[in-house]
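Scroll down for the structure; my scribbles are underneath it.
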């Protein structure tokens, strides 16, 4: 934590990922085990007042950070363990001549547009270069860093590419390229056979991801591709131009236990959700476009046992998300008596957050009643949406509906710019957990999500204009 700038907030899951990259956690026991250990360690640090809690993030107090840096540099004074110059917004912070012999370097939040030269850093293990306004890395810069394990280049929007000799980072296990302007990944990247963690989230300019790069990481455990690339500009020989090719490569990652990914076609979604490895590793799913797909089968998606967050956005042709209701009932009955089915065996059992935005023809979201652990729901700019959940869309399976408790764990719901929305549910629900209800520009919504007794108990419930 002392490598980050003063008062820097880091997401707890991102911190756990960083610890995996550093080798503090192995990660081979599965994501759930690693997260449990990670949250336990974070809890201990919070209890000892070494970290401060802020929602889903933590930060290190300035005094504790200074002490940690002093201890780190004093323990092995001769080896110059740390070189940290963060938050100065300085163009003079690079000083690669001081890196020789150093194990960890952090220059986050400076103003260094160009990495040049060939620094000799045979001992360097960790290099943090996030948020430094970087736009170019010269060939040869990574040539003499054979032991570099962690490389963070995130939040450099002007960084358009990596040097071809990046393959010389033969020890690299953690590579963060999120929120960069990178346009292509060099084929040579698949020479990094020790890579366990790759973050390509929010790389909107990425159009060239050659075949064989993703599948060439035999030790990959965490792959983040949420909002990665754009199919509108993907090159012909790029796996982003055909989602099925991307899924094929993902299936080659036998060690993968954590995936966030963007899918743009119904065929690719069907393939992704039917593959057992993807069912357990997918945590965040972003569905967009789905050109010419009016109906999409969501039944296979229900089997993604660790899916936590789902986005359905900009699907202009999509009219309905279909569920095999009778099939879901039969699966539950096969497991056990319906009334006693464990929560862990239900469909969408881990799904907690759903975002549905800019789906112009979608008429209902009845499948959501199966998501028994849903805590957050946002639906916006879906002009054809008349009902969030519709009893007319349910088949004749009363046993299924009777044993569900729809939206019981929902804490927040946002209904925004839904000009034809008339109801949230066919009956007013007792939603005991709801704290925040936000409704904007829904002029025909005449059935409130909460029943009278429920609404009276929600001290923090917020109503907005045009309910």
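Numbering (the UniProt record's numbering), first residue to last: 1 to 467.
All C-beta atoms in this analysis are idealised placements derived from N, C-alpha and C, irrespective of residue type, glycine included.
Close CB contacts of residue 181 within its chain, under the 7 Å cut and outside five residues either way in sequence, are with 157, 158, 159, 160 and 205 (chain order).
In this structure, DSSP gives residue 215 a helical state, which the three-state scheme calls helix. For residue 313, the enclosing beta strand (DSSP E) begins and ends at 309-313. Between residue 148 and residue 124 the beta-carbon gap is near 5 Å, inside 8 Å, which marks them as a contact. Following the DSSP letters along the chain, one finds residue 36 inside the alpha helix (DSSP H) bounded by residues 31-47.
Of the residues assessed, residue 218 falls on the exposed side of the cut-off, its CB having fewer than 16 other CB atoms within 10 angstroms. Distance from the Cα of residue 136 is smallest, within the candidate group 145, 150, 146 and 164, for 164.
Contact between residue 109 and residue 140 is ruled out by a C-beta separation of about 26 Å, above the 8 Å threshold.
Checking the DSSP bridge columns, you'll see residue 11 partnered with 57. Spatial neighbours of residue 388 in its own chain (CB-CB distance under 6 Å, excluding positions within 5 residues in sequence) are listed in chain order as 365 and 424. Residue 81 sits away from residue 59, with the two beta carbons spaced by 7 Å or more.
Take residue 259, set aside five residues on each side of it, and the residues of its chain with a beta-carbon closer than 6 Å to its own are 223, 281 and 282, in chain order.
In terms of Cα proximity to residue 2, the closest of 40, 47, 84 and 38 is 84.
Between residue 440 and residue 413, the CB-CB gap reaches or exceeds 7 Å. Under the three-state reduction of DSSP, residue 196 is assigned to coil, being neither helix nor strand. In this structure, residue 228 keeps its C-beta atom at 7 Å or more from the C-beta atom of residue 269. In the same chain as residue 61, and ignoring 5 residues on each side of it, the C-beta atoms closer than 7 Å to its own belong to 52, in chain order. Inter-segment contact for the stretch 9-29 and the stretch 91-101 is absent: fewer than three beta-carbon pairs are separated by less than 8 Å. Around the Cβ of residue 312, a 10 Å sphere holds 16 or more other Cβ atoms; the residue is buried. In this structure residue 391 is exposed. Its beta-carbon is surrounded by fewer than 16 other beta-carbon atoms within 10 angstroms.
As the crow flies, the alpha-carbon of residue 195 is around 17 Å from that of residue 211.
Of all alpha-carbon atoms in 7, 24 and 68, the one lying nearest the alpha-carbon of residue 54 is that of 7.
As far as DSSP is concerned, residue 109 takes part in no beta bridge.
DSSP lists 287 as the beta-bridge partner residues of residue 263. The criterion of a C-beta distance shorter than 7 Å is satisfied by residue 410 and residue 431. In the DSSP assignment, residue 391 falls outside any beta strand (DSSP E), carrying neither H nor E. Following the DSSP letters along the chain, one finds residue 225 inside the beta strand (DSSP E) bounded by residues 222-225. In this model, residue 357 and residue 380 are separated by some 5 Å (Cα to Cα). DSSP places residue 250 in the uninterrupted alpha helix (DSSP H) bounded by 243-250.
A distance of 7 Å or more separates the beta carbons of residue 295 and residue 276.
Between residue 202 and residue 174, the C-beta spacing is not below 7 Å.
Residue environment analysis places residue 347 among the buried positions, since at least 16 neighbouring C-beta atoms fall within 10 angstroms of its C-beta.
With respect to the C-alpha of residue 16, the residue from 4, 42, 9 and 305 having the closest C-alpha is 42. Judged by beta-carbon spacing, residue 168 lies within the 7 Å limit of residue 142, meaning their Cβ atoms are closer than that value.
Here the alpha carbon of residue 427 sits roughly 14 Å from the alpha carbon of residue 402. Boundaries of the alpha helix (DSSP H) around residue 279: 276-281.
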